[in-house]
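Count the sequence shown with full-length UniProt numbering and you get residues 1 to 679, in order.
Even glycine gets a Cβ: it sits at the ideal position worked out from N, Cα and C.
These numbers come from a predicted model, not from an experiment.
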Amino acid sequence: MPMTDTAANPLLTSSPLPLFDAIRPEHVSPALDALLADANAALETAVAADTPADYDTLSRTLTVATERLGCAWGAVGHLKGVADTPELRAAFNENLPRITEFYTRQGADERLYAKYKAIAASPAAATLSAPRQQALSHWLRDFVLSGAELQGEAKVRFAQIQERLAELSQAFSEHVLDATDSFSCLVTTEELAGVPADVQAATRAAAEAAGQDGHKLTLHMPVYLPVMQYAENRALRERLYTAYVTRACEAGPPERDNTAVMAEILRLKQEEAALLGYATYADVSLVAKMAESPQQVMDFLRDLARRARPYAEKDLAELREFAAKELGLSELKSWDVSFASEKLKEARYAFSDQEVKQYFTEPKVLAGLFRIIETLFEVAIRPDSAPVWHESVRFYRIERGGELVGQFYLDPYARPGKRPGAWMDDVKGRWLRPDTGTLQTPVAHLVCNFSAPVGTKPALLTHDEVQTLFHEFGHGLHHMLTQVADLGVSGISGVEWDAVELPSQFMENFCWEWEVLKHMTAHVDSGEPLPRALFDKMIAAKNFQSGLMTLRQVEFALLDMRLHAEPGSDARIQQVVDEVRDEVAVMKPPAFNRFQHTFSHIFAGGYAAGYYSYKWAELLSADAWSAFEEEGVLNPETGRRYRREILEAGGARDAIDNFRAFRGREPKIDALLRHQGMA
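Written out as structure tokens, the structure reads:
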């Protein structure tokens with residue numbers, strides 16, 4: 001039933017935090033009617049002849065309205081990611097074209113572009129603060145990339161492309177979610193031989209909840225990964241692997257097939273690049289990044305592949321030999337790799353991921369993580385309250401000297417209707433608001449997909465999941481600890497995409513430090529901390545198969561860059577996939593593998609021609625971490641310098657300048673290779 005009472009609409013309230021518990025699908029369209037009307041009116045006021053070309057005036061006139069629109073739409077998009085329903089999805093998709101149209105039109109409005117050019121050309125520009133000068137230069141660049149200099153037909157076509165791309169990336173994402181959610185199978189306890197007890201308990205509970213006997217298996221990570229790692233039943237591993245790598249492709253229902261979606265996305269991105277006067281979409285993508293050209297990126301990736309290949313070949317030879325000799329697997333198949341790797345790791349280092357997991361109870365891990373953040377960055381983290389979308393979601397505040405610095409939601413567990421993976425998203429940015437004169441503090445979402453607790457025991461995290469948690473917190477700290485108060489460059493805003501992973505990957509290093517781990521572990525049954533002997537085995541195993549893992553990341557990054565740097569790639573996606581594998585991979589997956597059909601990072605997640613950023617930023621983060629290795633892992637002075645030059649600076653300075661200010665020199669690859677045992 002349509003709602004007309006805007007006063008009762010939770011998306012239109014002036015509450016400081018979104019009313020997640022009250023937002024319903026029927027609120028979305030009426031709220032956007034009002035917010036888009038306000039934003040359009042604000043845009044017209046901003047471009048009017050009698051509105052001065054002045055930074056503060058444009059912020060007050062336009063940014064206030066667009067930020068309100070962005071926060072409301074962000075809340076809807078967030079709910080779609082963590083609590084999807086058919087009704088919410090319908091409301092989201094119905095309004096997505098309107099939102100895309102507004103932002104595309106604003107980004108390409110030559111009248112608004114003229115105002116910002118006038119600000120840049122005025123004598124007052126020289127008196128703007130450094131963050132504002134940076135924000136202004138970003139806006140001018142983004143106007144050009146948003147088609148503000150296009151005329152006539154070209155401008156109309158550019159807008160059509162943006163709208164269609166938004167629809168396509170949304171469709172891609174939905175196909176992946178639906179294909180993942182649609183698969184389940186019932187198996188007996190015998191078929192799960194080797195699979196850890198906690199996973200067996202969770203899958204039995206899932207079957208019971210569905211009124212079925214046995215164990216219900218799905219393709220969600222807390223089930224899929226342990227089955228692939230531990231199930232002795234080879235046929236079961238093959239069945240799950242096949243289902244997983246053929247999601248959203250031609251092997252399944254046509255309405256969930258991403259084949260045509262990917263091709264159209266690539267075709268439209270190439271057309272967009274041509275309209276803007278660039279040879280390829282990869283060239284467009286890199287304008288706002290640290291890397292200078294697609295060729296420079298591919299050279300970097302190929303150099304890394306060349307260095308990693310001998311290690312990867314050795315990794316694979318050892319795995320094949322072990323699988324044949326110890327496991328009776330004369331031919332190692334893709335569905336055997338995780339299983340054989342886990343068994344080899346257990347044999348070589350005499351421990352299993354499962355054994356380690358018993359020490360990482362979620363409450364203890366969180367307490368340890370918070371202690372590190374509080375020690376190094378001189379803040380306090382306290383429980384807080386806010387409306388949430390699920391009873392397992394928690395809310396916290398970060399304070400320094402009793403003053404509020406930022407707040408965050410933590411949504412840790414996997415569940416149906418929640419998209420897979422882990423991510424940080426911003427709810428609000430730090431901003432000295434021009435309408436009220438008050439300082440808006442930043443708010444973030446930190447979302448993971450861990451196994452929920454079963455019975456009375458706390459949730460257990462694998463060491464990989466602990467690293468994931470630290471990774472997302474790194475993004476969150478980058479957003480929340482910023483001291484910049486200009487919206488376009490505070491927190492993660494305005495940070496080059498290939499540097500945005502620096503703070504997240506940096507935080508993962510703490511998960512390998514004894515001084516840290518001994519305080520954040522407690523065995524789920526005995527309460528004993530992680531034994532030093534077990535930690536030493538983990539360290540010995542840290543770079544287990546790092547050659548193979550590096551090549552895998554290079555393969556994904558090179559595939560992404562080639563797809564976006566070669567006009568016509570839309571017609572030969574599988575061919576490019578095969579060529580990249582021929583060049584980089586040491587072990588080829590089966591011909592039916594359709595990994596690219598769920599490569600959401602590049603087709604639905606903002607990493608198009610940017611997936612290399614993970615490795616690029618890893619170089620930066622490893623080199624940044626080496627300062628802590630030299631000066632003391634929990635050295636508050638080093639922490640203060642890192643906070644000041646990297647976290648607090650946000651996007652107000654170029655990332656390379658932030659890095660130089662912290663490290664006192666240019667970045668080097670040495671630390672990355674050393675950290676991965678490939679020095």
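Can you tell me which of V443, F510 and A166 puts its alpha carbon nearest to the alpha carbon of D425?
In the sequence shown, residue 425 corresponds to position 425, counting from 1. Out of V443, F510 and A166, V443 has the C-alpha closest to the C-alpha of D425.
Identify whether F408 lies in helix, strand or coil by the three-state DSSP scheme.
Here residue 408 is taken as the residue at index 408 of the sequence shown, counted from 1. Of the three classes helix, strand and coil, the one that applies to F408 here is strand, per DSSP.
Taking 8 Å as the threshold, find out whether the stretch 47 to 57 comes into contact with the stretch 391 to 398 through three or more Cβ pairs.
Touching, no.
Which runs of the alpha helix (DSSP H), 4 residues or longer, sit entirely within the stretch 537 to 593?
Entirely contained in the stretch 537 to 593, the alpha helix (DSSP H) runs reaching 4 residues are, in chain order, 546 to 565 and 573 to 584.
What would DSSP say about V454, mapped onto helix, strand or coil?
Residue numbering aside, residue 454 sits at position 454 when the sequence shown is read from its first letter. Of the three classes helix, strand and coil, the one that applies to V454 here is coil, per DSSP.
Would you tell me roughly how many angstroms separate the C-alpha atoms of D109 and L136, rounded to the nearest one?
Looking up residue 109 in the sequence shown gives position 109. Looking up residue 136 in the sequence shown gives position 136. Going by the C-alpha atoms only, they are around 16 Å apart.
Going by DSSP, name the residue or residues bridged to Y413.
Sequence index remark: in the sequence shown, residue 413 carries index 413 (1-based). Note: Y413 sits in a beta bridge opposite F450.
Tell me which residue opens and which closes the beta strand (DSSP E) that K216 is part of.
Walking along the sequence shown from the start, residue 216 turns up at place 216. Taken as a continuous stretch (DSSP letters only), the beta strand (DSSP E) holding K216 covers H215 to T218.
Is the separation between the beta-carbon of R68 and that of L35 shorter than 8 Å?
Within the sequence shown, numbered from 1, the residue matching residue 68 stands at position 68. Within the sequence shown, numbered from 1, the residue matching residue 35 stands at position 35. A contact, by the Cβ cut-off of 8 Å.
In whole angstroms, what separates the C-alpha of S338 from that of A649?
Against the sequence shown, residue 338 aligns to sequence position 338. Against the sequence shown, residue 649 aligns to sequence position 649. Rounded to whole angstroms, S338 to A649 spans 41 Å at the Cα level.
What would DSSP say about T361, mapped onto helix, strand or coil?
If you number the sequence shown from 1, residue 361 lands on position 361. Strand, per DSSP.
Got a sec? Which residues, its chain only, sit under 6 Å from T218 by beta carbon, not counting five neighbours each side?
For the purposes of this step, residue 218 is identified with residue 218 of the sequence shown, where counting begins at 1. Here the set comprises S184.
Any C-beta of chain C sitting closer than 8 Å to the C-beta of E318?
Judged by its chain identifiers, the structure shown contains no chain C, having just a single protein chain.
Going by beta carbon distance, what residues of the same chain come within less than 6 Å of R312, once the five residues before and after it are set aside?
Sequence index remark: in the sequence shown, residue 312 carries index 312 (1-based). Checking the sequence, you will find Ala at residue 312 rather than Arg. Within the same chain, A312 has close Cβ partners G547, L548, L551 and V586.
Three or more C-beta pairs under 8 Å: does that hold for the stretch 494 to 506 against the stretch 472 to 480?
They touch, by the three-pair rule.
For residue 700, which three-state DSSP category applies?
Lying outside 1 to 679, the shown extent of the chain, residue 700 is not represented and no answer is given.
Under 8 Å: do the stretch 240 to 260 and the stretch 274 to 286 share three or more Cβ pairs, one atom per stretch?
The stretch 240 to 260 vs the stretch 274 to 286: no contact.
Within the continuous alpha helix (DSSP H) that includes E465, where are the two ends?
Taking the sequence shown and counting its residues from 1, the one referred to as residue 465 is at position 465. From DSSP, the alpha helix (DSSP H) with E465 extends over H463 to M480.
Is V71 helix, strand or coil when you go by DSSP?
Along the sequence shown, read from residue 1 onward, the residue named residue 71 stands at position 71. The identity of residue 71 in the sequence shown is Cys, whereas the question assumes Val. The answer is helix: DSSP assigns C71 an H, G or I state.
What is the DSSP secondary structure of K418, counted as helix, strand or coil?
As a first step, residue 418 is located in the sequence shown; it is residue number 418 there, counting from the start. Reduced to three states, the DSSP call for K418 is coil.
DSSP beta-bridge partners for D425?
Sequence index remark: in the sequence shown, residue 425 carries index 425 (1-based). DSSP lists H445 as partners of D425.
Are there three or more Cβ pairs, one per stretch, closer than 8 Å when the stretch 526 to 538 is compared with the stretch 295 to 305?
Contact between the stretch 526 to 538 and the stretch 295 to 305 is absent, because fewer than three Cβ pairs lie under 8 Å.
Is R141 closer than 8 Å to A288 when the C-beta atoms are compared?
Taking the sequence shown and counting its residues from 1, one reaches residue 288 at position 288. Taking the sequence shown and counting its residues from 1, one reaches residue 141 at position 141. Contact: yes.
Would you say the stretch 353 to 371 touches the stretch 462 to 476, given that touching needs at least three Cβ pairs under 8 Å?
They touch, by the three-pair rule.
Sorted by chain position, which residues of the same chain lie with C-beta nearer than 6 Å to W73's C-beta, five sequence neighbours on each side aside?
Within the sequence shown, the letter at position 73 stands for residue 73. Cβ within range, chain order: I99.
Determine, using beta carbons only, whether R89 and E174 come nearer to each other than 8 Å.
Here residue 89 is taken as the residue at index 89 of the sequence shown, counted from 1. Here residue 174 is taken as the residue at index 174 of the sequence shown, counted from 1. Cβ atoms of R89 and E174: closer than 8 Å.
Give, in chain order, every unbroken run of the alpha helix (DSSP H) that is at least 4 residues long and sits entirely within the stretch 88 to 127.
Whole alpha helix (DSSP H) segments, 4+ residues: 110 to 121.
Please report the Cβ distance between L301 and L558, rounded to the nearest whole angstrom; I am assuming they are in contact, meaning their Cβ atoms lie under 8 Å.
To locate residue 301, count along the sequence shown from 1; it is residue 301. To locate residue 558, count along the sequence shown from 1; it is residue 558. Going by Cβ atoms, the distance from L301 to L558 rounds to 5 Å, so yes, they are a contact pair.
If I'm right that G651 touches V495 with Cβ under 8 Å, what's the distance once you round it to whole angstroms?
What you label residue 651 is simply residue 651 of the sequence shown in a count that begins at 1. What you label residue 495 is simply residue 495 of the sequence shown in a count that begins at 1. Contact flag correct, Cβ pair sits at about 4 Å.
Give me the Cα-Cα distance between L647 and K428, rounded to the nearest whole angstrom.
Walking along the sequence shown from the start, residue 647 turns up at place 647. Walking along the sequence shown from the start, residue 428 turns up at place 428. Each residue's alpha carbon lies about 17 Å from the other.
What does a CB cutoff of less than 7 Å around D50 pick up in its chain, not counting 5 residues either side in sequence?
What you label residue 50 is simply residue 50 of the sequence shown in a count that begins at 1. Answer for D50: no residue qualifies.
How many angstroms separate the CA atom of L240 from the CA atom of E190?
As a first step, residue 240 is located in the sequence shown; it is residue number 240 there, counting from the start. As a first step, residue 190 is located in the sequence shown; it is residue number 190 there, counting from the start. Spanning the two alpha carbons is a distance of roughly 16 Å.
Would the beta-carbon of R79 fall within 8 Å of that of L62?
Reading the sequence shown from its first residue, position 79 is the one you call residue 79. Reading the sequence shown from its first residue, position 62 is the one you call residue 62. Contrary to the premise, residue 79 reads as Leu rather than Arg in this sequence. No, the Cβ-Cβ distance between L79 and L62 is not below 8 Å.
According to DSSP, which residues form a beta bridge with D435?
What you label residue 435 is simply residue 435 of the sequence shown in a count that begins at 1. According to DSSP, D435 bridges with nothing at all.
When we look at the beta-carbon of D315 and count the other beta-carbons within 10 Å, is it buried (16 or more) or exposed?
For the purposes of this step, residue 315 is taken as residue 315 along the sequence shown, with counting starting at 1. Burial call: buried.
Mapping DSSP to helix, strand and coil, what is Y396?
Residue 396 sits at position 396 when you count from the first residue of the sequence shown. Looking at Y396 - three-state DSSP - the assignment turns out to be strand.
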